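Notes follow the structure.
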Amino acid sequence: MKKIIYVLTACIMAFALAACGSSGSSENEGAQENTQGNSAGGNSLVVYFSATGNTESAAEALAQMQGAELYEIVPEDPYTDEDLDYNDSSSRATTEQNDETARPAISGEIDNIEDYDTVYVGFPIWWNDMPKIMYTFFDTYDFSGKTIAPFCTSGGSGISEAVNNIEELEPSATVVEGLRTSPSGAEADIADWLESIGAAQ
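Using full-length UniProt numbering, count along the sequence shown one by one with no gaps and you end on 201.
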C-alpha cells in the first residue's frame with residue numbers, strides 16, 4: 001500500500017513540475033515577442049516629398065538613424081522641370097503656391113497611419129512654405145494625438161512658416177521644432193536635431 005502511495009505521489013509531483021515548466025516557457029516566449037514588437041523605430045514613420053532628390057536623401061538618412069519606416073509622397077501628376085521653374089510666374093509650382101485652395105493629388109496612400117506615434121515629415125521649401133501637396137497630405141490623415149516632426153531641405157529659406165501652418169492644420173497633434181538642412185550637411189544636422197527634440201536613438 002505504501003508503495004502505491006509513493007508512486008502516486010511521485011507522479012503528481014512530476015506532473016506539477018512539468019506544468020510549471022510549461023508556464024514559464026510561455027511567459028518567456030511572450031516577453032520575447034513583446035521585445036521584438038517594441039524595437040527602435042517600430043512606431044515611427046518618415047514621410048517625404050522630394051521634387052529634385054535632396055529631401056529624399058535627408059529622409060533616407062533620418063529613417064536609417066531612427067530605424068523607421070519610409071514613405072514617399074508621389075504626385076499623381078509628376079512635376080517636370082518646367083513645372084518647377086521659379087522664374088516663370090505661370091509655372092505649375094508658382095501657380096499652386098499662390099493658390100490657397102490648391103491641393104495637388106497624391107498617388108497611393110498610407111494604410112496604417114494609426115500604427116505610428118511619431119511621423120517625421122520632410123519637404124523642400126517653395127516660396128517660404130511647404131509645397132501645396134503637403135497640404136493634401138495633412139488634409140488626408142488624422143494626426144490627433146501624434147507627434148509631427150517637420151524637416152526640410154533648403155538653400156536659404158527657413159522652415160518656421162511651414163511649421164506654423166502645420167500647427168494650424170493639425171491642432172490636435174504635437175508639432176515639435178522643425179529642422180532646415182542642406183544636402184551637404186544633412187546627416188550631422190539631423191543627428192543634432194534628433195538630440196535637441198529628445199528623439200535620438
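All residues carry an ideal CB built from backbone N, CA and C; glycine is no exception.
Treat the numbers as computed from the prediction; the structure is a model and nothing was measured.
**Study point:** Rounded distance between the beta-carbons of residue 43 and residue 153, thought under 8 Å
**Key:** Taking the sequence shown and counting its residues from 1, one reaches residue 153 at position 153. Taking the sequence shown and counting its residues from 1, one reaches residue 43 at position 43. Contact flag wrong, Cβ pair sits at about 25 Å.
Practice item. Alpha carbon to alpha carbon, how far is residue 83 from residue 135? Give it in angstroms, no decimals. Key: Residue numbering aside, residue 135 sits at position 135 when the sequence shown is read from its first letter. Residue numbering aside, residue 83 sits at position 83 when the sequence shown is read from its first letter. Roughly 18 Å between the two C-alpha positions.
Review point. Quick one, are the C-beta atoms of residue 256 and residue 118 less than 8 Å apart?
Key: Absent from the model: residue 256. The displayed extent of the chain is 1 to 201, so no value can be given.
Check your understanding: Taking only runs of the alpha helix (DSSP H) that begin and end inside the UniProt domain "Flavodoxin-like" (44 to 201), which ones reach a length of at least 4 residues, in chain order?
Key -> For the UniProt domain "Flavodoxin-like" (44 to 201), whole alpha helix (DSSP H) runs of length 4 or above, ordered along the chain, are 54 to 66, 92 to 97, 132 to 140, 160 to 169, 186 to 196.
**Study point:** 8 Å Cβ cutoff met for residue 51 and residue 79
**Key:** Counted from its first residue, the sequence shown places residue 51 at position 51. Counted from its first residue, the sequence shown places residue 79 at position 79. For residue 51 and residue 79, yes; Cβs fall inside 8 Å.
**Study point:** residue 201 burial status per 10 Å Cβ neighbour count (16 or more: buried)
**Key:** In the sequence shown, residue 201 corresponds to position 201, counting from 1. By the neighbour-count rule (16 or more Cβ atoms within 10 Å), residue 201 is not buried but exposed.
Practice item. Report yes if the CB atom of residue 125 is closer than 8 Å to the CB atom of residue 106, and no otherwise. Key: Here residue 125 corresponds to residue number 125 of the sequence shown, with the count starting at 1. Here residue 106 corresponds to residue number 106 of the sequence shown, with the count starting at 1. No; because the gap between Cβ atoms is not below 8 Å, this pair is not in contact.
Exercise for review: Give me the Cα-Cα distance between residue 75 and residue 97, rounded to the nearest whole angstrom.
Suggested key: Within the sequence shown, numbered from 1, the residue matching residue 75 stands at position 75. Within the sequence shown, numbered from 1, the residue matching residue 97 stands at position 97. Each residue's alpha carbon lies about 15 Å from the other.
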